């Protein structure tokens, strides 16, 4: 299977047209972006590794080292959106939801990979100026995606955690990928927290949204250098 198909939904992470908000974010409606002054805020993605201590027993956690992304690496993390150029979205304005604008060539990423009851990735990413994230776009509560003869599925908004001063997002995806005579089903859950135009935290897994949501909270606190 193409690597992009296994990385789909990113997170990111990523980053995605998803749901929730930092203020009242326990429903599936995007919340208002923070409008406070963040000019003195200092985020450090190299602190994301401390999230390793937040996993419950049964997970083996390894570090994803700090990396400055090449074009090839950025495309790989872009998932199926970059792998299948024929992929279409309905509504079409939701076509940015499978890739974070923070995950680009020249940007930096660092995170942890946990293996156990499921595989979970927690990643922090930063770029020079990613701009607005499609994760916060309205009108993308339910999206169908399709690449004729290769892949089809759905992406739905799900509730995401409240994090003070941050607009969070969550999504659940279901994708059937066909390779020759074989079809593989991929079900993924992703949570995203764009902290500013440069920095975001993403979590990707297959199940247990409560655990994944908590890991997003822990990841944001780590990058902020704060206690959740």
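Numbering (mature numbering (1 follows the signal peptide of the UniProt record, and there is no 0)), first residue to last: -19 to -1, 1 to 209. All C-beta atoms in this analysis are idealised placements derived from N, C-alpha and C, irrespective of residue type, glycine included. Fair warning: this is a prediction, and the values are worked out from it, not measured in the lab.
In DSSP terms, what residue i is bridged to
{"i": "residue 152", "result": "138, 171"}
{"i": "residue 262", "result": "Past the edges of the chain, shown from -19 to 209, lies residue 262, and the structure says nothing about it."}
{"i": "residue 195", "result": "Beta-bridge pairing links residue 195 to no other residue."}
{"i": "residue 160", "result": "163"}
{"i": "residue 96", "result": "41"}
{"i": "residue 90", "result": "48, 106"}
{"i": "residue 185", "result": "102, 171"}
{"i": "residue 144", "result": "147"}
DSSP state of residue i mapped onto helix, strand, coil
{"i": "residue 53", "result": "helix"}
{"i": "residue 33", "result": "helix"}
{"i": "residue 203", "result": "helix"}
{"i": "residue 180", "result": "strand"}
{"i": "residue 190", "result": "helix"}
{"i": "residue 208", "result": "coil"}
6 Å Cβ shell around residue i - same chain, five flanking residues per side excluded
{"i": "residue 135", "result": "125, 155"}
{"i": "residue 127", "result": "69, 133"}
{"i": "residue 153", "result": "137, 139, 170"}
{"i": "residue 24", "result": "176, 180, 204"}
{"i": "residue 95", "result": "36, 40, 42, 101"}
{"i": "residue 166", "result": "157"}
{"i": "residue 186", "result": "99, 101, 170, 193"}
{"i": "residue 89", "result": "49, 107"}
{"i": "residue 190", "result": "170"}
{"i": "residue 76", "result": "70"}
{"i": "residue 122", "result": "138"}
{"i": "residue 184", "result": "103, 172, 193, 196, 197"}
{"i": "residue 67", "result": "128"}
Inter-residue CB distance, residue i and residue j (contact presumed, cutoff 8 Å)
{"i": "residue 86", "j": "residue 47", "result": "Their Cβ separation, rounded to whole angstroms, is 16 Å, which puts residue 86 and residue 47 out of contact at 8 Å."}
{"i": "residue 172", "j": "residue 203", "result": "With 8 Å as the limit, residue 172 and residue 203 do not qualify as a contact, their Cβ atoms being about 15 Å apart."}
{"i": "residue 161", "j": "residue 93", "result": "In fact, because the Cβ distance is near 34 Å, the residues do not count as touching under 8 Å."}
{"i": "residue 131", "j": "residue 159", "result": "6 Å"}
{"i": "residue 120", "j": "residue 72", "result": "6 Å"}
{"i": "residue 182", "j": "residue 174", "result": "5 Å"}
{"i": "residue 55", "j": "residue 84", "result": "6 Å"}
Same chain, Cβ closer than 8 Å to residue i, five either side skipped, listed in chain order
{"i": "residue 218", "result": "Residue 218 falls outside the range modelled here, since the chain spans only -19 to 209, and no answer is possible."}
Sequence-distant residues of its chain with Cβ nearer than 7 Å to residue i (five each side left out)
{"i": "residue 27", "result": "47, 91"}
{"i": "residue 32", "result": "93, 103, 196, 199, 200, 203"}
{"i": "residue 44", "result": "30, 93"}
{"i": "residue 206", "result": "25, 28"}
{"i": "residue 52", "result": "86"}
{"i": "residue 208", "result": "202"}
Exercise. Contact between the region 100 to 109 and the region 182 to 199: three or more CB pairs below 8 Å?
Worked result: yes
Problem set entry | the region 90 to 100 touching the region 134 to 154, judged by at least three CB pairs closer than 8 Å | Flag = no, the region 90 to 100 and the region 134 to 154 do not touch.
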